[in-house]
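Top to bottom, those sequences are chains A and B. When the count follows the numbering used here, it moves up by one through the first sequence with no breaks and lands on 471 for the last residue. When the count follows the numbering used here, it moves up by one through the second sequence with no breaks and lands on 1119 for the last residue.
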Amino acid sequence: MTELKKDNQGGPVITPTGLRRVLKFRTVVSTSTGLSYAAVSLLGCIQLSYYLKGDSGWLAILISGLLAFLAALCFSELNALYPTAAAIRLYMKEAISDKFSLIMTFSYILTIVAIIAADSYIIGKAITYTLNLPDWASLVWILALLGLAMGANLKGIKIAGLLQDITTYSLLSIAIVISLIALSHNNFQLHSPFAAFSDPGNLFNAIAVGVFVFSAFEWVTPLSEEISNIKLIPRGMFVSLVLLFVSYSLFTVASSNVLNVHDAGVTNSPVPQLLLGNAALGQIGIWIMLLATLLTAVMTFNGGFATASRFLYAAAREDTIPQIFSRISISHAVPYMSVVALTIFSAVIAVIVFITGKFQILILVGAVLEAIIYAVAGVCVIQLRRRKPAAERSFRIWGGWAVPVATIVIFSVLAILASIITGTSGLMTGTPLAITLLIFLISGLYVHLIVPRLRAAAAARRAVRTKRRPQ
Amino acid sequence: MATSQEILEALADYQVQCNENKRLRKMQRDWSKLLHFVAEDTGDKFTMNVVKGEIISFESGTNGTPDIIVTTTSENFCDMFWGDLNPSQKYLQGEIRVKASQEDVVRLDAITMIIWPDA
């Protein structure tokens, strides 16, 4: 069950390989796909099609998907070097610095919180729309959903394995089938499917938004510790991107074909997927797409809460946030303070979005943050190749520095683009940039001013502790 | 480097600390796992059997198909089992590597946190 290898210094390296239970490839794919397929991603598809004429939104999805593929290659090499759930924290620290790693990790947590908030808002709106309830009922649903998600996470209830697979593949199937049914109403006749090429400026804007649509597929890397073959992770991400492309592009094309995606009623709607369902199958279509929306909630609240709460727990254990966030529930072995904090934070953002109606800003800020993270991943690949050239990598990107350099350049440009566009939000130009800079400023100040104090206090506590190990 | 005997002594103390801690036993009441520990510097391997939160046995060598595999240096193992090490910090530094579900990784770390909260 173990194999002996030599490490870089010639010493024995034991690589254990056999776990009693390992995740299957289909679960790797469903996890990567499910984490990316948030309800807000469907709104992102509508937002990007707003920029383009005809039914050419699929081109932006295709290009965004190909760019996401570049990022997937970078994450695959990084994951091969550090096949651990702590990967993101670890390789940024090794490649750049501990402080930078902390700032990016906190930004990552914020992205997860934003997606949880956005999804709870969208689902609340979707239920209200389907049941024809007054708008204020959405707020009740939003808080109820977050409360339900918090309760499930506090109880340690987790969707895993086969149930995760069923949820994800059902969602994909529903989105694809409804989209095809909608397209069949016009006999699958597309209007100007290549029109995007005639307006490269808007195509770039659409691609910048498209980055967000694919984001979070890389959160599958923590599963490295639960699989027998590390190569399943990159393969899973690549397959996931293909599935996401098929589903998103069909949804986008169907929406532009049967709905008017340049009408404010559609682009500013928090439930365009229900509008598509209505166009496809009337009231039955609305209920079916409500089901799809609820399935996205299952995956977002299940995966997002678990990932973010463990991030917070780990951060507290390494003394970068207050110790209170490391408290574990004795009843269910869950970091309950982290879960509660996440719920409160998500609820605050969701309520702000409900009051302002500006859900688009979450998409744009999310796009900026994810583009930055992907650019940083490219930097990490290059830095770690320079610092650890001989380290074992079961996956190495071919073509030298071409892919990581391309990743850095392209996603840096997309981050800048996403930070200055405002889409249909009606917000002032540069609002996403201002919010992103504020996030990094707060995070940076926290890391520079507060983290050293927390660590010093922890070191002082440990200094007075008597070692138990006999000398 | 810690010897195999030192690690076994540390494991013996760890077993006592775990089994006598009521809070821990309550938290782990539904946790039954077979763990393998692999010292990457010496090549020593150990097996621990946990049944409903109680460490039933531990021994040298690897037996059975594990639910959890922990790999680190012999010194880290010794310090960890004596409660002189924060496993989370070593894990986040890449010095301790675990193959297990995410819940089990949290539970493993929680053991140290509950028994030795000042570690």
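Backbone N, C-alpha and C fix where the C-beta goes; we use that ideal spot for every residue, glycine too.
Contact list for residue i against chain A, beta-carbon separation under 9 Å
i	result
Leu-1008/B	Per Cβ cutoff of 9 Å: no residues; Leu-1008/B is ~13 Å from chain A at best.
Lys-1026/B	Ile-330, Ser-331
His-1018/B	The sequence given here has Cys at residue 1018/B, not His. Ordered by position in chain A, no residue passes the 9 Å Cβ test against Cys-1018/B, which lies about 14 Å from the chain.
Partner residues on chain B for residue i, Cβ-Cβ distance less than 7 Å
i	result
Gly-161/A	Per Cβ cutoff of 7 Å: no residues; Gly-161/A is ~10 Å from chain B at best.
Ser-326/A	Met-1113
Glu-318/A	Ser-1088, Gln-1089, Leu-1092
CB of residue i within 8 Å of CB of residue j, strictly
i	j	result
Leu-171/A	Tyr-37/A	yes
Leu-362/A	Val-40/A	yes
Leu-1092/B	Ala-314/A	yes
Ile-122/A	Val-298/A	no
Asp-1030/B	Phe-1081/B	no
His-223/A	Ile-233/A	It is Leu, not His, that sits at residue 223/A in the sequence shown. It is a contact, given that the beta carbons lie within the stated cut-off.
Ser-394/A	Lys-231/A	yes
Gly-1083/B	Ala-1039/B	no
Gln-164/A	Thr-27/A	yes
Val-339/A	Phe-305/A	yes
Leu-180/A	Leu-250/A	yes
Ala-117/A	Ser-346/A	yes
Ser-1004/B	Asp-1041/B	no
Ile-1115/B	Leu-1024/B	yes
Val-365/A	Pro-432/A	yes
Leu-290/A	Leu-275/A	no
Trp-219/A	Gly-303/A	yes
Under 7 Å by beta carbon: chain A residues contacting residue i
i	result
Ile-1115/B	Those do not exist, as Ile-1115/B stays about 10 Å from chain A at its closest Cβ, beyond 7 Å.
Cα-Cα separation, residue i to residue j
i	j	result
Ala-68/A	Ser-215/A	8 Å
Ser-107/A	Val-447/A	12 Å
Ala-333/A	Ala-254/A	45 Å
Ile-1055/B	Ala-415/A	51 Å
Ala-463/A	Phe-311/A	26 Å
Ile-174/A	Leu-139/A	27 Å
Asn-1021/B	Gln-1015/B	10 Å
Trp-287/A	Cys-1018/B	51 Å
Phe-238/A	Thr-221/A	12 Å
Lys-53/A	Thr-252/A	12 Å
Leu-437/A	Gln-360/A	18 Å
Lys-1026/B	Leu-102/A	34 Å
Lys-388/A	Phe-75/A	16 Å
Met-1113/B	Gly-34/A	32 Å
Thr-466/A	Cys-1078/B	15 Å
Ile-439/A	Ala-367/A	14 Å
Ile-481/A	Val-266/A	The first residue shown for chain A is 1 and the last is 471, placing residue 481/A beyond what the model contains.
Helix, strand or coil at residue i according to DSSP, with G and I counted as helix
i	result
His-448/A	helix
Asn-1049/B	strand
Ser-1101/B	coil
Val-340/A	helix
Leu-1034/B	strand
Glu-1059/B	strand
Glu-1040/B	coil
Glu-1054/B	strand
Thr-320/A	coil
Gln-9/A	Note that Gln-9/A scores a pLDDT of 37, beneath 50, so its modelled location is shaky and nothing firm can be said.
Ile-1068/B	strand
Trp-1116/B	coil
Phe-305/A	helix
Leu-133/A	coil
Val-403/A	helix
Glu-94/A	helix
Trp-398/A	coil
Arg-310/A	helix
Met-104/A	helix
Thr-2/A	Only weak support is given to the placement of Thr-2/A: the predicted model assigns it a pLDDT of 36, under 50, and the question is left unresolved by the model.
Arg-387/A	helix
Tyr-50/A	helix
Where residue i meets chain B, residues with beta-carbon distance less than 9 Å
i	result
Ala-85/A	Tyr-1091, Val-1098, Gln-1102, Val-1105
Lys-155/A	Chain B residues near Lys-155/A: none, gap ~13 Å exceeds 9 Å.
Partners in chain B for residue i, counting only beta-carbon separations shorter than 8 Å
i	result
Pro-222/A	Gln-1102
Leu-90/A	Leu-1092, Gln-1093, Gly-1094
Pro-193/A	Chain B residues near Pro-193/A: none, gap ~42 Å exceeds 8 Å.
Glu-226/A	Lys-1099, Ala-1100, Ser-1101, Gln-1102
Tyr-82/A	Gly-1094
Within chain A, partners of residue i - CB distance below 8 Å
i	result
Thr-1065/B	Met-1, Gly-18, Leu-19, Arg-20
Residue i beta carbon near the ligand SAM (any heavy atom closer than 7 Å)
i	result
Leu-163/A	As presented, the structure is devoid of all ligands, the ligand SAM included, so that no description of it is given.
Task: Sufficient close CB pairs (3 or more, under 8 Å) joining the region 413-421 of chain A to the region 79-91 of chain A - done: No, because fewer than three Cβ pairs between the region 413-421 of chain A and the region 79-91 of chain A fall closer than 8 Å, the two stretches do not touch.
Open item on the list: So, does the region 1069-1087 of chain B touch the region 1030-1047 of chain B, judging by three or more C-beta pairs under 8 Å?
Closed with: Here the region 1069-1087 of chain B lies against the region 1030-1047 of chain B, with 3 or more beta-carbon pairs under 8 Å apart.
- [ ] Flag this pair as touching only if the region 190-199 of chain A and the region 317-336 of chain A have three or more C-beta atom pairs under 8 Å; answer yes or no.
- [x] Short answer: they don't touch.
Open item on the list: Does the contact criterion of 3 or more C-beta pairs under 8 Å hold for the region 55-71 of chain A versus the region 345-355 of chain A?
Closed with: The region 55-71 of chain A is not in contact with the region 345-355 of chain A.
TODO: Report yes or no: do the region 196-212 of chain A and the region 92-101 of chain A share at least 3 C-beta pairs separated by less than 8 Å?
DONE: These segments do not touch.
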